[in-house]
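Below is one structure, written out as structure tokens, with a few remarks after it.
Number of protein chains: 4
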Amino acid sequence: MAQFTDIAASLERQAIELPSWAFGNSGTRFKVFGSPGTPRDPFEKVRDAAKVHEFTGLAPTMALHIPWDRVDDFGALSRFAADHGIALGTVNSNTFQEADYKLGSLTHTDPRIRQRAVDHHFECIEILERIGARDLKIWLADGTNYPGQGDIRRRQDLLAEGLATIYERLGPDNRLVLEYKLFEPAFYHTDVPDWGTSYAHVMALGERAKVCLDTGHHAPGTNIEFIVAQLLRLGRLGSFDFNSRFYADDDLIVGAADPFQLFRILVEVVRGGGYAHPEVTFMLDQCHNIEPKIPGQIRSVLNVQEMTARALLLDFEALRVAQEAGDVLGANAVFMDAFYTDVRGELADWRQERGLPADPMAAFAASGYLETIAAERIGGQAAGWDA
Amino acid sequence: MAQFTDIAASLERQAIELPSWAFGNSGTRFKVFGSPGTPRDPFEKVRDAAKVHEFTGLAPTMALHIPWDRVDDFGALSRFAADHGIALGTVNSNTFQEADYKLGSLTHTDPRIRQRAVDHHFECIEILERIGARDLKIWLADGTNYPGQGDIRRRQDLLAEGLATIYERLGPDNRLVLEYKLFEPAFYHTDVPDWGTSYAHVMALGERAKVCLDTGHHAPGTNIEFIVAQLLRLGRLGSFDFNSRFYADDDLIVGAADPFQLFRILVEVVRGGGYAHPEVTFMLDQCHNIEPKIPGQIRSVLNVQEMTARALLLDFEALRVAQEAGDVLGANAVFMDAFYTDVRGELADWRQERGLPADPMAAFAASGYLETIAAERIGGQAAGWDA
Amino acid sequence: MAQFTDIAASLERQAIELPSWAFGNSGTRFKVFGSPGTPRDPFEKVRDAAKVHEFTGLAPTMALHIPWDRVDDFGALSRFAADHGIALGTVNSNTFQEADYKLGSLTHTDPRIRQRAVDHHFECIEILERIGARDLKIWLADGTNYPGQGDIRRRQDLLAEGLATIYERLGPDNRLVLEYKLFEPAFYHTDVPDWGTSYAHVMALGERAKVCLDTGHHAPGTNIEFIVAQLLRLGRLGSFDFNSRFYADDDLIVGAADPFQLFRILVEVVRGGGYAHPEVTFMLDQCHNIEPKIPGQIRSVLNVQEMTARALLLDFEALRVAQEAGDVLGANAVFMDAFYTDVRGELADWRQERGLPADPMAAFAASGYLETIAAERIGGQAAGWDA
Amino acid sequence: MAQFTDIAASLERQAIELPSWAFGNSGTRFKVFGSPGTPRDPFEKVRDAAKVHEFTGLAPTMALHIPWDRVDDFGALSRFAADHGIALGTVNSNTFQEADYKLGSLTHTDPRIRQRAVDHHFECIEILERIGARDLKIWLADGTNYPGQGDIRRRQDLLAEGLATIYERLGPDNRLVLEYKLFEPAFYHTDVPDWGTSYAHVMALGERAKVCLDTGHHAPGTNIEFIVAQLLRLGRLGSFDFNSRFYADDDLIVGAADPFQLFRILVEVVRGGGYAHPEVTFMLDQCHNIEPKIPGQIRSVLNVQEMTARALLLDFEALRVAQEAGDVLGANAVFMDAFYTDVRGELADWRQERGLPADPMAAFAASGYLETIAAERIGGQAAGWDA
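Chains as they are written, first to last, in the numbering used here: chain A, 1 to 387; chain B, 1 to 387; chain C, 1 to 387; chain D, 1 to 387.
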């Protein structure tokens, strides 16, 4: 197995994008619990996201969600982010919260509503330009709840048409990243349910169209690392939405539900050349329904880092030899050896050598930031999925 | 196979309880879409529920959810219901929407919060007495999102303690019906995840404690009709929460996702003596997120009735003979014959003979009621899960 | 809704291919139960398959599985089939029963074994030519049981290489049809786990490469009719392997587990132009572990026919109108109306008008054929998956 | 967190029972691959099992499966085991491989076949007495493949009757342990599908009836550690069948698929007093379809030991404090800290201090035992599920 010193430099190239919405309130259909200090506007979200980067060195960018993060002056928001040591990243569109979109957006039967959805994406592209970011990420809530409700086939054609219109509008340095999801909020069918559908559409669009893999968007039993390997092989893995789940799209902290799965995913990322490659954006997409949000994000980026270190430590050459020899248990042992290696102590040292706190969770707690924002952010409307 | 005339009288004994909350707004964590005419108080819900009964003859009672349906004078609400031709039924408690309950209610580590949850159930029992209904139904959202967050084992003991306290307070004609659910809103563990847990608790409580089976609360691949048969055999099936699902707890219209499963469930109900038996309450528990709510409820009770008719038509004697002969295909053919029989025409006649509209969906649409309430119910706060 | 008379002629175009192996013994890893009259060679399988066609008019071809159906003279087997009123169809390869293939076939690390697997497919192509059939169907058991055991990524490249070599060898009228499967016999990863992988490979091969969709090869909760619609849209649906399942790849009689799902699949087939289109082969792939095999096949083709009739009866125009109006319940009602229509009586008439028995199951039972083969087929080695 | 020295003594109390059948050939319905050196009789299985204990100190007993392990003189087999340093343990019955049992055993409609199944269990009880072991373990393959095939409800009554007859015959020091399984080999329903059913039956039988939890026998998404905690609380956890799975009952090496789940299970075992308690038998139930069998078993017991060490290291007091404080992230961190601790080095030392090889896998490979048995065990019938 590789030594930690062999991978220390490589770890510096890791960058994990934070979702602005993880700092706002979230919940389930049963209840959204509020929490003190929740940001009330995108500027306050930037401040919170910047804290995650300050304590970990891992999160140099924050993704936006439009309209949730709409501001009058995106240039000002960019500069504000820069002043706090981070940059703005991926722009996520949202076509699931207007009454118009109740039965679909890009796939709606009504051309007026389809146009509205296209226009919304044009706005997102403009924002991309203003903040100087690269990726437009599209997750569509489009789908149906009842068999017969919609024309599954025709909706695919409408989707292709809408995506093509949006893709054409992209700048030469922009990308369109299309996310897929098995179900929710639609319960019978979704219009982009699986990676195959996303792949078929991005192939039709062009080179700068990619697939976003959200780790919580698959059917039970799906081998996600296989999809990672396949999309890297096909040159179409655009980004990750990391989180973890036990049942559905639970949006828990990445690595919390099945750490070994996260390891296997990251091994395929490394194996397939996706680590620290500009092609692949590592993003979080999580909800901190009951736990504090900034520590939740710190824990998340640390989990990704710890597991990345384990994946980088994997002795790929010994693995190859065992695989070629048909040594099932031997190959598995090489693989597990990396997973079971406790990298936490060396990562603490690594951080200290780079001027970061050895224990970011403890350091953040000691910083008093949570108490400060709880005291400061009184009044106003706490940010959330509906705001 | 039995003839329709053989079962016509039996069909008259069917009674399906409607959930008051099905008439209010509902949705997913992504969005709750409003709809015109949504009731703003329990009285308006009664009016809507009564319409379902008026057009189908199938829904003589409406269940309450507290605090959503709290009124100053439950006697008045009961009389209002009676004036509209229905009665109030099961009282459902709710310990998932107060900030106190964020980490649990009856299973919370804090005795003050556990007491609060117990007190809430005492209030529900008082309401039961005032409206003269029988069942207190308890579904707990209690659970945890992260491994280690809670002490799974101790929470069972706290749960047993809380349920015992509530059970003691019940009147001699009341029952406690304990619902189970695999997941949501908790994502790592729930405190009553399966029928076995519910069964173990109600066994410890006493004879008047029963299990509620919600058809959407199981893991993928669960054979639900087996659980129905088992609970009837054990004398512990208290009620159904009918709905249908493709993935998780989708709360779609009963019979919409897998009509054959509904048939199999109803066959076991009939086989096990649960049909038209006072022991077993047939209740709906659904969300009409995108479809109109009153027609959604009418469609639902009709679905249950149609499938009940098919189950009653099953030639149990021919089935028994084929089963005993080990005739796999023959037994299956007898079974499928009942399922594939189109009972809709005869049910239309059956309704007309009883002074009901042949086509309740069309008759309701023609009645203009939806238009009336849309016009009348302007202003105020539409009922929903959060109100 | 359409009338039965409108669809009667269309039903004549239905042709369902039978798998030769459904007539042999099959079972689970726990036990293969034998049954009297099991065929001992491909000629006896042809006789049994021909019976299914004789009593239903629905099954004019029988697919082969090599090496299970290897004979000295395929011309003789073809003529024997023709003499019995059917033809030989799809040739299925088998690279999962030789010791060499324990760790893979086309994806094996050892080039010698990969070549052996390629050669096996060349043999299958020769057989295709000799019997004058079109499709080479490839289902690979390739995969791994333990994380790290194999190089998931490299195996994709080896697979692509092997498939390309096989594809080149195909005659101009032949097709390569690539099946996918989530799991089993491999338990950690399979090399063609989903339609997306199959699609990516057939796209790389060329126009005559298609996807085979086995209805039992998906993760729980997968919307199969969506995949049907998508593959038809992409022009890559080559064939169905019909069967049904409750849990895994149960290979039960098609329509037995979820008849409504079968209906939805067939609606998309009709909607997408796949019905009676030469592009799409309707094949069964089932195991009759405990029920008699020939009646099991008769029941299966009848189930497909009955559900096809319901799908053809669907009022697509009324459906379209309701869908465009956003009438969720109305569209669903149009859809369900077709599903709930009992077509069995009219299909019995339809059969009689065409010189077929009204009740093929009863007629076959009365024919005494099962008793005849049970008496005749004494001694020898009953056909099965291992023979 | 506890120190390793604190738990070293506790680790000595660990005993894991090996399944005799893990040393024989196994496979899937597609193929059983043979391997050199496979034992041909129970004596050779004992020799192999004893090797696992010799190199690990963890596996002092071997479970039998009847009729697979039937011998003329069980006393001789017991002495042979003792001579090799191990003892014979749990006796597993088998009512799934005789033609009579095709449609059921204890639940069959035919009283003659039910009696045969009961008699088989009487034989197992006699064997228990002869070998001086405690537990009769019953896993029933009983179930049906098609809806309507069997009377689900009546089969429960027959099952209860059969179990009662068997239970009565048990000696005063014997126990009946009833296993449950979601599906396979039956595909529509199984007669003991879940822990609730097993629990209801053992409650009806008496104090010495317990539940066996096989970690691979649940629906996707089932929280297994919850069931562990519940059964320990109810005093009815009799034994584990450890293995791991990605999809169905894959019977892979325990800990191979989801090590974190194994950790969570063992934490509940420790928390609930089940560790090193005579009440709870730790058993493996695995198939080594493609990997060598003895190393597969060594790897398995080591996996259980490593994860047990992590569970024992958990700082339960710190966990309790965090749980009571409602500190979600803090409690989770305490929990994960134990999981991520690399105990392998200290376990190697622990072994050496006790005269065991530091690296049992390497030591066994170096011992030449595999080569010896491959050379010796030529001819005869290799043991397998069908022999």
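Beta carbons are placed, not taken as given, at the ideal position from N, Cα and C, and that holds for glycine. These numbers come from a predicted model, not from an experiment.
**Prompt:** Taking one C-beta from the region 51-66 of chain C and one from the region 9-19 of chain C each time, how about it: are there three or more such pairs within less than 8 Å?
**Reply:** Yes: the two stretches touch, three or more of their Cβ pairs being nearer than 8 Å.
**Item:** Per DSSP, the bridge partner or partners of histidine 65 of chain C
**Value:** Answer is C:Asn92.
**Request:** Within 10 angstroms of the Cβ of proline 360 of chain D, are there 16 or more other Cβ atoms? Answer buried if so, exposed if not.
**Result:** With at least 16 other beta carbons inside 10 angstroms of its own, proline 360 of chain D counts as buried.
**Item:** Bridge partner(s) assigned by DSSP for serine 78 of chain D
**Value:** DSSP, once it has assigned bridges, lists no residue as partnering serine 78 of chain D.
**Asked** Looking at C-alpha atoms only, which residue of C:Ala8, C:Ala133, C:Gly238 and C:Ile152 is the closest neighbour of glutamine 323 of chain A?
**Response** C:Ile152
**Item:** Residue closest to alanine 229 of chain C, alpha-carbon to alpha-carbon, out of C:Ile265, C:Val254 and C:Leu176
**Value:** C:Ile265
**Request:** Give, in chain order, every unbroken run of the beta strand (DSSP E) that is at least 3 residues long and sits entirely within the region 104-171 of chain C.
**Result:** Qualifying beta strand (DSSP E) stretches, in chain order: 135-138.
**Request:** Would you list, in chain order, the members of the region 12-42 of chain A that have their beta-carbon closer than 8 Å to a beta-carbon of chain D?
**Result:** none
**Message:** Classify glutamine 352 of chain C: buried if its beta carbon has 16 or more other beta carbons within 10 angstroms, exposed otherwise.
**Reply:** Exposed, since its Cβ has fewer than 16 Cβ neighbours within 10 Å.
**Message:** Let me make sure I understand the geometry here. Which of D:Leu232, D:Asp241, D:Pro259 and D:His218 has the alpha-carbon closest to that of tyrosine 247 of chain D?
**Reply:** D:His218
**glycine 345 of chain B, enclosing alpha helix (DSSP H) - first and last residue** = 344-353
**Message:** For tyrosine 199 of chain D, would you say it is in contact with chain B, using Cβ-to-Cβ distances shorter than 8 Å as the test?
**Reply:** Interface criterion met: the Cβ of tyrosine 199 of chain D is under 8 Å from a Cβ in chain B.
**Request:** Just the C-alpha distance for leucine 11 of chain D and phenylalanine 4 of chain D, rounded to the nearest angstrom, thanks.
**Result:** 10 Å
**Asked** Touch check for the region 263-283 of chain A and the region 257-277 of chain D: three-plus C-beta pairs under 8 Å?
**Response** no
**Message:** Quick check: the region 205-214 of chain D against the region 34-46 of chain C, are at least 3 beta-carbon pairs closer than 8 Å?
**Reply:** Because the criterion of three Cβ pairs below 8 Å is not met, the region 34-46 of chain C and the region 205-214 of chain D do not touch.
**Prompt:** In its own chain, which residues sit with a C-beta less than 6 Å from the C-beta of isoleucine 113 of chain A, not counting the 5 before and 5 after it?
**Reply:** Asp100
**Within-8 Å CB hit, asparagine 243 of chain A to chain D** = By this cut-off, asparagine 243 of chain A is not an interface position.
**Message:** Within the continuous alpha helix (DSSP H) that includes leucine 396 of chain B, where are the two ends?
**Reply:** The structure shown does not extend to residue 396 of chain B, since chain B spans only 1 to 387, so no value can be given for it.
**Prompt:** Taking the beta strand (DSSP E) that phenylalanine 282 of chain B falls in, what are its first and last residues?
**Reply:** 281-284
**Request:** Establish whether the CB of leucine 182 of chain B and some CB of chain C are separated by less than 8 Å.
**Result:** Under the Cβ distance rule, leucine 182 of chain B does not count among the residues neighbouring chain C, no pair being separated by less than 8 Å.
**Request:** List the residues of chain F whose Cβ lies closer than 9 Å to the Cβ of glutamine 97 of chain A, in chain order.
**Result:** Of the protein chains in the structure, A, B, C and D, none is chain F.
**Item:** Boundaries of the beta strand (DSSP E) in which proline 19 of chain B is found, first to last residue
**Value:** 16-19
**Item:** Any chain A beta carbon closer than 8 Å to tyrosine 146 of chain C
**Value:** yes
**Item:** Cα-Cα separation between isoleucine 86 of chain A and threonine 341 of chain A, rounded to whole angstroms
**Value:** 32 Å
**Prompt:** Listing by chain order, which chain A residues have their CB less than 7 Å from the CB of isoleucine 290 of chain D?
**Reply:** Val328
**Item:** Whole-angstrom distance between aspartate 258 of chain D and glutamine 261 of chain A, CA atom to CA atom
**Value:** 8 Å
**Request:** Tell me, please, whether the CB atom of threonine 308 of chain A is closer than 8 Å to any CB atom in chain D?
**Result:** False, the Cβ-Cβ gap to chain D never drops below 8 Å.
**Message:** I'd like to know if the region 286-302 of chain A and the region 316-336 of chain D are in contact, where contact means that at least 3 CB-CB pairs between them fall below 8 Å.
**Reply:** yes
**Request:** Identify whether glutamate 376 of chain B lies in helix, strand or coil by the three-state DSSP scheme.
**Result:** helix
**Asked** Are the C-beta of alanine 248 of chain B and some C-beta of chain A separated by less than 8 Å?
**Response** yes
**Item:** Beta-bridge partners of leucine 178 of chain B, as assigned by DSSP
**Value:** Bridge partners of leucine 178 of chain B: B:Ile138 and B:Val211.
**Request:** Residues of the region 73-106 of chain D with a CB closer than 9 Å to any CB of chain C: list them in chain order, please.
**Result:** Phe96, Gln97, Glu98, Ala99, Tyr101, Lys102 and Leu103
**Asked** Listed in chain order, which residues of the region 247-270 of chain A have Cβ atoms closer than 7 Å to some Cβ of chain B?
**Response** Tyr247, Ala248, Asp250, Leu252 and Ala256
**Asked** Do you know how far the Cα of leucine 312 of chain C is from the Cα of glutamate 179 of chain B?
**Response** 42 Å
**Item:** Own chain residues within Cβ distance below 7 Å of isoleucine 227 of chain C, not counting five before or after
**Value:** Trp195 and Leu213
**Prompt:** Does phenylalanine 187 of chain D get closer than 8 Å to chain C when you measure Cβ to Cβ?
**Reply:** yes
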